Amino acid sequence: MICYTVRDSEVSLKTALIFLLISSGYAGAKDFLPGTFKVEFAQEYKTSLKGKVKKSSGNIQYKYPSQIRFEVTQPDKVVFVSNQEMSWYYQAPFIEGEPGELNVRKTGKTGLSRFFDVLKKGLKTNQFYEVKNNKETSEIKFVEKFAKELDIKGALITFKNDKMDFENIKNMELTYLDGHKIKLHFTEMKTGLSMNKEIFVFKAPKNTRINQ
Numbered sequence: 001m002i003c004y005t006v007r008d009s010e011v012s013l014k015t016a017l018i019f020l021l022i023s024s025g026y027a028g029a030k031d032f033l034p035g036t037f038k039v040e041f042a043q044e045y046k047t048s049l050k051g052k053v054k055k056s057s058g059n060i061q062y063k064y065p066s067q068i069r070f071e072v073t074q075p076d077k078v079v080f081v082s083n084q085e086m087s088w089y090y091q092a093p094f095i096e097g098e099p100g101e102l103n104v105r106k107t108g109k110t111g112l113s114r115f116f117d118v119l120k121k122g123l124k125t126n127q128f129y130e131v132k133n134n135k136e137t138s139e140i141k142f143v144e145k146f147a148k149e150l151d152i153k154g155a156l157i158t159f160k161n162d163k164m165d166f167e168n169i170k171n172m173e174l175t176y177l178d179g180h181k182i183k184l185h186f187t188e189m190k191t192g193l194s195m196n197k198e199i200f201v202f203k204a205p206k207n208t209r210i211n212q
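Below is the structure:
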């Protein structure tokens, strides 16, 4: 027969309270990457032939896992939409009246949606990438195997100040395996949005040439 004293009860209560506090802390822990977000961006990249800097603007809508809608609205309309099953890449016609171009394929493991997926791991070294954090920047270097899957060598994330939250990102520079870089300046961000599945399915406009 086991007898519990008042002292035993006090110890048990303290243990339970400590466990509860720890559990609550983990349950309330905030992931670096929000479950959904929409961000307006300005983009810069150099052309491969002449090295000329080109600029564009648009927005990204993302929902974890692997659902993304990437739209360039200026100067030319380009839309990339991907979910866990299918991906669409649409280029609007340069001249009104001509057909647009749409490529449709099954979703693979590459691309920007996969990049955002792994950011769920946060700004700490893990099985996918190494991280070097400075005062207002975070440098991410992907391990060789995963870099080949993504076709992205690494990323440099710059924050508005020393608060390293996703919502506080100022810009993000992606370096691809072939050496070219794309810099995304985040101008306006909203997180925790309700996003239905129709956002991540592309419907071809009329007069569109479809390649499957």
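For the sequence shown, counting from 1, position 46 maps to 46 in our numbering; every step adds exactly one.
For every residue, glycine included, the Cβ atom is placed at its ideal position computed from N, Cα and C.
Please read all numbers here as calculations on a predicted model, not as lab measurements.
Taking the beta carbon of residue i as the centre, do at least 16 other beta carbons fall within 10 Å, making it buried, or is it exposed?
{"i": "Ser-48", "result": "exposed"}
{"i": "Leu-177", "result": "exposed"}
{"i": "Ile-22", "result": "Residue confidence is low: Ile-22 scores 37 on pLDDT, short of 50, so the model does not pin down where it sits. Its coordinate-derived value is still stated next. Exposed: under 16 other Cβ atoms inside 10 Å."}
{"i": "Tyr-26", "result": "In this prediction, Tyr-26 scores a pLDDT of 36, lower than 50, which makes its location untrustworthy; no coordinate-derived value is stated."}
{"i": "Gln-127", "result": "exposed"}
{"i": "Gln-61", "result": "buried"}
Should residue i and residue j be called a contact, given that it needs their Cβ atoms to be closer than 8 Å?
{"i": "Leu-219", "j": "Phe-115", "result": "Outside the shown range of the chain (1 to 212) lies residue 219, about which nothing can therefore be said."}
{"i": "Leu-102", "j": "Ile-68", "result": "no"}
{"i": "Met-41", "j": "Leu-184", "result": "Note on identity: in this sequence residue 41 is Phe, with Met being the wrong assignment. Result yes, Cβ atoms of Phe-41 and Leu-184 sit closer than 8 Å."}
{"i": "Lys-203", "j": "Glu-149", "result": "no"}
{"i": "Val-143", "j": "Asn-211", "result": "no"}
{"i": "Lys-170", "j": "Asp-31", "result": "no"}
{"i": "Gln-84", "j": "Ser-57", "result": "no"}
{"i": "Tyr-129", "j": "Lys-141", "result": "yes"}
{"i": "Phe-200", "j": "Val-72", "result": "no"}
Could you check how far apart the C-beta atoms of residue i and residue j are, in whole angstroms? I think they sit under 8 Å.
{"i": "Lys-124", "j": "Val-118", "result": "Lys-124 to Val-118, Cβ: 12 Å. No contact."}
{"i": "Lys-181", "j": "Glu-173", "result": "6 Å"}
{"i": "Lys-54", "j": "Tyr-64", "result": "Contact doesn't hold; Cβ gap of about 30 Å is too wide."}
{"i": "Val-39", "j": "Glu-198", "result": "Contact doesn't hold; Cβ gap of about 20 Å is too wide."}
Worksheet item: So does the region 159-173 actually touch the region 132-148, counting three or more Cβ pairs closer than 8 Å?
Response: yes
Worksheet item: Can you give, in chain order, each stretch of the beta strand (DSSP E) that sits fully within the region 28-81 and has at least 3 residues?
Response: 36-46, 53-63 and 67-74
Worksheet entry | Inter-stretch contact (C-beta, 8 Å, three-pair minimum) for the region 93-103 and the region 198-207 | yes
Item to complete: Jot down the residue ranges of each uninterrupted beta strand (DSSP E) in the region 109-189, minimum 3 residues, whole runs only, in chain order.
Response: 129-133, 137-142, 152-159 and 169-176
Item to complete: Pair every Cβ in the region 71-86 with every Cβ in the region 174-193, then say whether three or more of these pairs are closer than 8 Å.
Response: no
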